[in-house]
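Data first, discussion second: the structure below is written as structure tokens.
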């Protein structure tokens with residue numbers, strides 16, 4: 001926190017508001033017995049710092065507005081911007097300035113006064129409790145007497161119930177934690193773990209801090225972060241993560257994000273366990289089909305809801321952030337956008353958005369966590385502890401061990417804290433301070449609208465009104481109950497939810513768990529911890545020492561049929577004819593385990609394409625029949641229709657503002673459009689596929705306007721090829737014009753460097769090469785647009801994009817540099833990033849090899865792919881079946897590396913699949929039917945391996961025919 005004299009901040013302006021309250025607190029502390037004068041000073045200083053932080057967060061926007069008003073009206077006379085800033089600080093540091101604001105912001109000062117009073121009263125309450133309890137806290141310091149309070153910080157967590165927050169204490173060489181709530185639940189969990197340790201067959205390192213319970217509040221042992229020493233300790237830590245998953249799956253734990261778990265040697269220590277026995281409230285119908293609703297309920301009730309497992313955030317300010325206790329890996333997080341005061345120190349200061357690095361917690365046992373290496377230990381820990389718990393339940397002992405939790409007070413989090421944060425920012429906006437009534441109503445409406453879609457959120461108007469009151473006073477609303485009672489006590493005495501024994505409910509929910517699904521979810525979430533599920537150079541190659549050359553085509557058919565059978569057997573079906581799967585899914589924010597989206601890359605459009613293509617090949621005698629595929633395809637098309645109809649309805653519903661899907665060729669509307677066209681060409685679309693593609697096209701401009709990226713995978717450029725394909729199908733100029741508008745946007749966003757062009761990306765601000773995210777894909781899309789429109793500027797920009805890629809070719813590596821800078825790899829040979837995508841894009845634009853550079857690029861790409869692109873996994877995106885397509889085309893063109901033959905290549909890949917099972921990246925042991933990243937693409941490419949196949953390329957949206 002900045003000091004009062006920091007000339008670049010508004011602390012000087014706020015001092016006059018704080019001073020009376022801080023002075024009063026100092027006077028009150030004089031009357032608290034048992035406090036030394038130095039301790040009083042520590043408490044006053046900590047309170048002052050916390051109050052400055054609170055008021056700056058709430059009044060900074062107002063001060064910026066008044067600063068600019070003072071400049072425009074001539075109230076600031078200094079000749080330079082810094083001088084005028086200093087003048088405004090002097091002006092706003094006077095109480096008269098704030099009193100004069102009452103006319104424009106009538107409720108501001110009363111609200112500020114309540115925040116200040118609440119925080120000061122909370123500080124006084126802390127002081128009284130500290131004075132009374134300190135002699136009883138020696139057990140939290142290994143039996144040593146607690147020393148004098150020498151340091152204190154409030155605000156270690158959100159503010160609740162009248163300004164109360166967790167506080168961190170420094171007492172000489174010892175540290176303690178103060179919690180303004182009952183810690184009986186912590187004590188009960190500590191005793192429960194001790195009982196488990198006595199019964200568990202194997203080492204068990206998980207624990208919670210020692211606590212001292214005082215009913216209204218409590219004190220906890222401070223757990224310092226400490227790295228594990230050696231591989232055995234690291235294994236113990238990750239086995240402990242598995243133990244926690246098993247325990248929390250039983251106890252209905254939630255909210256175990258990165259800040260609530262501390263790595264202490266081989267022990268993952270849960271330092272905040274107040275959200276046990278979370279009520280399970282069925283989600284509201286999604287209008288996307290019963291299958292998806294059931295799948296969402298399964299995921300919501302699985303280990304994924306605990307918060308320990310990796311997963312990417314979707315909320316404002318947290319898009320793409322993995323905030324999990326097991327994940328949140330360094331180097332794998334996006335920059336976070338947050339409002340800030342720009343041009344501080346001048347009279348032109350303004351509110352803007354800055355990007356800041358994600359703040360890392362202390363949840364990892366090593367500075368460079370090797371999560372993929374130790375993930376089997378997580379699974380082993382989960383299996384072992386689950387077996388112990390099931391054994392206890394089988395003997396009837398488990399329910400008795402849970403009984404001590406019933407009288408414990410727990411916290412329930414019905415809305416994400418980020419939601420409250422966004423509403424609070426709106427309520428403290430100057431416009432809201434000017435007219436509080438409309439702002440209150442808007443806040444009520446927003447929370448009520450959320451409740452209409454999120455079943456866990458309170459819908460009772462009285463509860464919502466109380467939530468808004470808390471936000472007006474600077475608090476995050478707090479809901480609590482007794483674990484054995486279940487009636488939620490909300491802000492300001494409100495009640496919500498009927499009574500029920502949450503301990504019994506959690507036990508019953510655990511007894512009915514599908515532990516195969518739980519294991520699959522744990523395995524699959526590993527991919528969410530990483531930005532890229534790609535080539536892993538430290539993995540052991542799966543290429544066979546010797547390929548089996550017998551019956552290659554029969555084995556090809558058998559492997560593909562086995563994948564399709566598994567697809568049928570793992571489908572989650574609804575009585576309404578809908579269908580979905582639970583699998584790792586890549587969206588605009590990264591990877592997450594969830595029910596399928598509608599996209600081509602890893603969602604329902606891609607699986608529909610696979611099933612439809614398989615049925616066509618069966619009809620031609622080039623694939624083995626698989627029972628159940630015809631009704632599965634009908635269910636997939638029906639599910640896509642439900643999603644499109646819902647999207648269209650929401651687009652035109654008044655009062656609803658939703659973030660549209662991205663426009664991309666593989667993730668987003670472009671991908672859905674292209675899949676509809678292919679299914680229509682195959683007459684597998686119920687007869688309305690082209691019309692539906694046209695409606696999807698009309699939504700692309702809005703989608704592109706909201707897009708965060710311009711790449712082919714999910715961004716603006718990706719929508720161009722599907723739109724052009726639609727224009728060829730309909731003969732209408734409208735779709736070409738839509739594509740042209742996207743091309744214009746791409747031209748505007750291009751950054752030039754000499755003769756090169758590139759586009760910034762959140763992860764790669766200086767650009768990146770390759771097909772999915774980079775300049776190869778951009779050049780490919782722009783070239784197609786130039787040919788359709790005969791606009792030379794698109795062609796010129798495409799050449800500049802290709803020049804960026806060409807400059808990345810390293811003669812020593814004989815490959816293109818991978819600007820992602822993955823550890824251990826300068827270059828890559830995959831479709832998404834690397835040689836496969838580069839070679840396919842150029843060949844798709846010049847299939848007859850009329851330009852010498854295309855032949856050179858193909859030769860280079862094939863050589864790099866043969867050298868680096870095989871043996872790591874089997875998927876089409878970043879594995880063997882993507883590499884196969886490029887090498888097959890290189891063979892046809894006479895540019896394959898020496899010794900490569902069609903029969904030998906295919907036999908090698910089939911042997912690898914047979915020996916290891918089909919595997920797709922980090923989530924290699926989880927069934928993922930997605931087309932590009934999953935096993936669906938393996939089957940699809942095996943269909944295309946028949947020399948007479950009639951299926952379009954999924955890697956160039958129809959190109960690459962052979």
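Residue numbers (the UniProt record's numbering): 1 to 962.
The beta carbon of each residue, even a glycine, is placed where N, CA and C say it ideally should be.
Since we're looking at a predicted model, the values are computed, not measured.
Can you have a look at residue 224 and say buried or exposed, based on whether 16 or more other CB atoms are within 10 angstroms of its CB?
exposed
Check whether the stretch 7-26 touches the stretch 82-95, counting contact only when three or more Cβ pairs, one atom from each stretch, lie closer than 8 angstroms.
yes
Please classify residue 758: does DSSP put it in a helix, a strand, or coil?
strand
Going by DSSP, which residues form a beta bridge with residue 465?
Partner(s): none; residue 465 has no beta bridge.
Reference residue 541; option with closest CA among 908, 116, 661:
908
Tell me the DSSP secondary structure of residue 490 in three-state form.
In this structure, residue 490 counts as coil in the three-state DSSP scheme.
Assuming residue 157 and residue 206 are in contact, meaning their beta carbons sit under 8 angstroms apart, how far apart are those beta carbons, in whole angstroms?
No, residue 157 and residue 206 are not in contact; Cβ-Cβ is about 22 angstroms, not under 8 angstroms.
Residue 16 by DSSP, collapsed to three states: which one?
helix
DSSP three-state assignment for residue 747, whether helix, strand or coil:
Helix, per DSSP.
Could you give the DSSP three-state label for residue 673: helix, strand or coil?
helix
Burial state of residue 36 (16 or more Cβ within 10 Å)
Answer is exposed; the Cβ neighbour count stays below 16.
Around the Cβ of residue 888, are there at least 16 other Cβ atoms within 10 angstroms (buried) or fewer (exposed)?
Counting C-beta atoms within 10 angstroms of its own C-beta, residue 888 has 16 or more neighbours from the protein chains shown and is therefore classed as buried.
Please return the same chain residues whose Cβ sits closer than 8 angstroms to the Cβ of residue 128, not counting the five positions on each side in sequence.
32
Could you name the residues of the same chain whose beta carbon sits closer than 6 angstroms to that of residue 628, not counting the 5 residues immediately before and after it, in chain order?
568
Could you check if residue 899 is buried or exposed, using at least 16 other CB atoms within 10 Å of its CB as the buried criterion?
exposed
Is it buried or exposed for residue 751, if we count other Cβ within 10 angstroms and need 16 for buried?
So residue 751 counts as exposed.
CA-CA distance, residue 784 and residue 304?
42 angstroms
Using 8 angstroms as the cut-off, can you tell me whether the stretch 242-256 makes contact with the stretch 381-388, which would need three or more C-beta pairs spanning the two stretches below that distance?
yes
Look at the alpha carbon of residue 273 and the alpha carbon of residue 188, and state the distance between them as a whole number of angstroms.
Those two C-alpha atoms are separated by around 10 angstroms.
Can you give me the start and stop residues for the alpha helix (DSSP H) that residue 422 sits inside?
Unbroken alpha helix (DSSP H) run through residue 422: 417-427.
Tell me where the alpha helix (DSSP H) around residue 604 begins and ends.
604-619
So which of 511, 489, 586, 465 has the shortest CA-CA distance to residue 524?
For residue 524, the closest of 511, 489, 586, 465 by C-alpha to C-alpha distance is 586.
Please classify residue 518 as buried or exposed, where buried requires at least 16 other C-beta atoms within 10 Å of its C-beta.
buried
By Cβ distance below 8 angstroms, which residues in the same chain neighbour residue 637 in space, the five residues on each side in sequence not counted?
608, 679, 684, 685, 686
Could you tell me the distance, in whole angstroms, from the CA atom of residue 698 to the CA atom of residue 642?
Near 18 angstroms, if we compare the C-alpha coordinates of residue 642 and residue 698.
Check whether residue 576 and residue 289 have beta carbons under 8 angstroms apart:
yes
Residue 633 vs residue 672 beta-carbon contact at 8 angstroms
no
Could you have a look at residue 164 and say whether DSSP puts it in helix, strand or coil?
strand
Starting from residue 872 and walking both ways along the beta strand (DSSP E), at which residues does that stretch end?
No beta strand (DSSP E) holds residue 872; DSSP gives it neither H nor E.
Using 8 angstroms as the threshold, is the C-beta distance between residue 159 and residue 476 below it?
yes
Inter-residue Cα distance where the pair is residue 537 and residue 872:
The pLDDT assigned to residue 537 is 47, lower than 50, so where the model puts this residue is not dependable, and the model offers no usable value.
Fully enclosed by the stretch 124-187, which alpha helix (DSSP H) runs are 4 residues long or longer?
The qualifying runs do not exist here; there are none.
Note down, in chain order, each residue of its chain lying with its Cβ closer than 7 angstroms to the Cβ of residue 350, except the 5 sequence neighbours on either side.
64, 342, 343
Span of the alpha helix (DSSP H), counted from its first residue to its last, around residue 225
Bounds of any alpha helix (DSSP H) do not take in residue 225, whose DSSP letter is neither H nor E.
Buried or exposed: which applies to residue 605, given that a residue is buried once 16 or more other Cβ atoms fall within 10 Å of its Cβ?
buried
Of all the alpha helix (DSSP H) runs that stay within the bounds of the stretch 54-99, which reach a length of 4 or more residues?
81-92
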